[in-house]
Amino acid sequence: MPELPEVETVRRGLLPAMEDHVISATEIRREGLRWPFPEGMCRRLTGARVHRLRRRSKYLLADLSTGETLLIHLGMSGRMMVSGLATARFVHDHPAPQKHDHVVLHMSNGARVTFNDPRRFGAMDLMATERAGEHMLLRDLGPEPLGNQFDGPYLADRLAGRATPIKSALLDQRIVAGLGNIYVCEVLHRAGISPRRKAGNLSRDRAAALVPIIREVLQEAILAGGSSLRDYRQADGDLGYFQHTFRVYGREGAPCVTPECTGQVQRIVQSGRSSFFCGHCQR
DNA sequence: CTTGTCCCCTGCCCGC
DNA sequence: TGCGGGCAGGGGACAA
1 MPELPEVETV
11 RRGLLPAMED
21 HVISATEIRR
31 EGLRWPFPEG
41 MCRRLTGARV
51 HRLRRRSKYL
61 LADLSTGETL
71 LIHLGMSGRM
81 MVSGLATARF
91 VHDHPAPQKH
101 DHVVLHMSNG
111 ARVTFNDPRR
121 FGAMDLMATE
131 RAGEHMLLRD
141 LGPEPLGNQF
151 DGPYLADRLA
161 GRATPIKSAL
171 LDQRIVAGLG
181 NIYVCEVLHR
191 AGISPRRKAG
201 NLSRDRAAAL
211 VPIIREVLQE
221 AILAGGSSLR
231 DYRQADGDLG
241 YFQHTFRVYG
251 REGAPCVTPE
261 CTGQVQRIVQ
271 SGRSSFFCGH
281 CQR
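Okay, so the first sequence: first residue is 1 according to UniProt numbering, each after it adds one.
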């Protein structure tokens, strides 16, 4: 489930459990996920205080009092569950461990943070905080789509001359970091651009016009996640799932929601992944 | 360099 | 009810 808005929602949900609290115990229930966990992860986490929990693209980064930073990536199916956190009304119990609970952080405030990931495409790693930007997974990332470096001229420059479809270009994390399959489909629908169009064939103006649309789509999704966060009261404290209203994603065969448009949503496969779009209003 | 294909892994849904 | 196939929100490792 996690693209940038979901990871941001997870981060906000984890803040009260983690930020400024100490990891009092670390339970590691398997050797690793996509890669083996770093040497001595249990020892290096236990006793550390989480100074700050931040996000870069789809990665969660916990800066620790030890001078190290814990990197968490949710992959395709990763979820973070919070339990034992006191809310205004009551304290949730800790649920029994579930299948695919791989790492459990026991926090000094009584909360537990559980990393559950059935497909195990997720990852955890530890690095020196001051060298975090040089980490393999972080160093080639493009600008944050909601940040100041990401603007019309930048995107127009990066798309110019590229033969790849715009769909693939927007999924390329080196161009802009944090978009995934869902939000690229949604962005292209709002922009009226076919996912098949060559990135380099867009005019500079149309390329630049993608920037505010990308920001808008992501901001709306974060707001939607934020509202589900205020509502979440499930016993397991699952921070992963909330309802989005997508205009094209997963709506193959449905009528296009663009006003006046008579087209219907179709699905094609581009580089092995589904693209949903309206062939009528997306050119 | 750019671009496309394959693959990692489990679970779920559909049709037969 | 069981089984096979297709599909899933990410992204690294290759080959051309």
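Glycine included, each C-beta is placed from N, C-alpha and C at the ideal position. Quick caveat: nothing in here was measured; it's all calculated off a predicted structure.
Among the options, which one has its Cα closest to the Cα of residue i?
i      : options                        : result
Leu60  : Phe115, Leu210, Arg190, Thr245 : Phe115
Phe276 : Asn109, Val187, Gln219         : Val187
Met124 : Val176, Gly78, Val22           : Gly78
Ser108 : Asp157, Asp151, Gly47, Ala224  : Gly47
Ser24  : Thr69, Val50, His73            : Val50
Val176 : Thr164, Arg158, Ile28          : Arg158
Arg204 : Ile182, Asp93, Asp151, Tyr249  : Asp151
Leu71  : Ala96, Met81, Leu45, Phe90     : Leu45
Glu6   : Ala156, Glu134, Ile222, Arg196 : Ile222
Gln266 : Ser194, Leu146, Gly122, Ser83  : Ser194
Ala169 : Gly13, Asn201, Arg139          : Asn201
Arg283 : Gly263, Pro145, Ala254         : Gly263
Ile166 : Gly192, Leu138, His94, Met127  : Gly192
Leu85  : Val103, Gly161, Gly110         : Gly110
Gly37  : Pro153, Arg247, Val103, Ala156 : Note that residue 37 is Phe in the sequence shown here, rather than Gly. For the residues Pro153, Arg247, Val103, Ala156, the minimum Cα distance to Phe37 belongs to Val103.
Cys278 : Gly75, Val248, Pro259, Arg206  : Val248
Tyr154 : Ala17, Ala207, Ala224, Arg196  : Ala207
Quick check on residue i: buried or exposed, where buried means 16 or more other Cβ atoms within 10 Å of its Cβ?
i      : result
Arg56  : buried
Cys42  : exposed
Lys99  : exposed
Glu31  : exposed
Glu3   : buried
Met80  : buried
Glu8   : buried
Asp117 : buried
Met127 : buried
Ile251 : It should be noted that the sequence gives Arg, not Ile, for residue 251. Per the 10 Å Cβ criterion, buried.
Ala253 : The question names Ala, yet the displayed sequence has Gly at residue 253. That one is exposed.
Ala96  : exposed
Ser271 : exposed
Arg29  : exposed
Arg139 : exposed
Between which two residues does the alpha helix (DSSP H) holding residue i run?
i           : result
residue 315 : Coverage of the chain is limited to positions 1 through 283, which leaves residue 315 absent and any answer about it impossible.
Thr9        : 4–18
Leu45       : 41–45
For residue i, report the span of its beta strand (DSSP E) as first-last.
i      : result
Tyr59  : 59–64
Arg56  : 50–56
Cys278 : 273–278
Met107 : 101–107
Glu68  : 68–73
Thr30  : The displayed chain sequence assigns Arg, not Thr, to residue 30. Counting along the chain, Arg30 falls outside any beta strand (DSSP E), and DSSP gives it neither H nor E.
Met80  : 79–83
Gly267 : Residue identity differs from the one stated: residue 267 is Arg in this sequence, not Gly. From DSSP, the beta strand (DSSP E) with Arg267 extends over 265–270.
Suppose the cutoff is 6 angstroms on Cβ atoms and the five residues either side in sequence are ignored; what does the same chain contact list for residue i look like?
i      : result
Gln234 : With a pLDDT of 46 at Gln234, under the threshold of 50, the modelled position of that residue is not reliable, and the figure given next carries that caveat. Closer than 6 angstroms at Cβ, skipping near neighbours: no residue.
Glu220 : none
Arg190 : Ile213
Ala199 : Leu159, Arg162, Thr164, Ile166, Ala169
Asn181 : Arg273
His73  : Tyr59, Gly122, Ala123
Met76  : Arg119, Phe121
Between residue i and the rest of its own chain, which residues show a CB-CB distance below 7 angstroms, the 5 nearest in sequence each way excluded?
i      : result
Gln173 : Ser57, Leu141, Gly142
Glu19  : Val50, Arg52, Leu53
Arg120 : Leu33, Arg34
Gly178 : Glu3, Leu4, Ser57, Lys58, Glu144, Pro145
Ala209 : Ala191
Got a sec? Which residues, its chain only, sit under 8 angstroms from residue i by beta carbon, not counting five neighbours each side?
i      : result
Thr129 : Asp63, Leu64, Gly67, Glu68, Thr69
Asn148 : none
Val269 : Ser275
**Message:** So within the region 115–201, which uninterrupted alpha helix (DSSP H) runs reach at least 4 residues, ignoring any that extend past its ends?
**Reply:** Counting only runs of 4 or more, we get 152–159, 166–171, 181–191.
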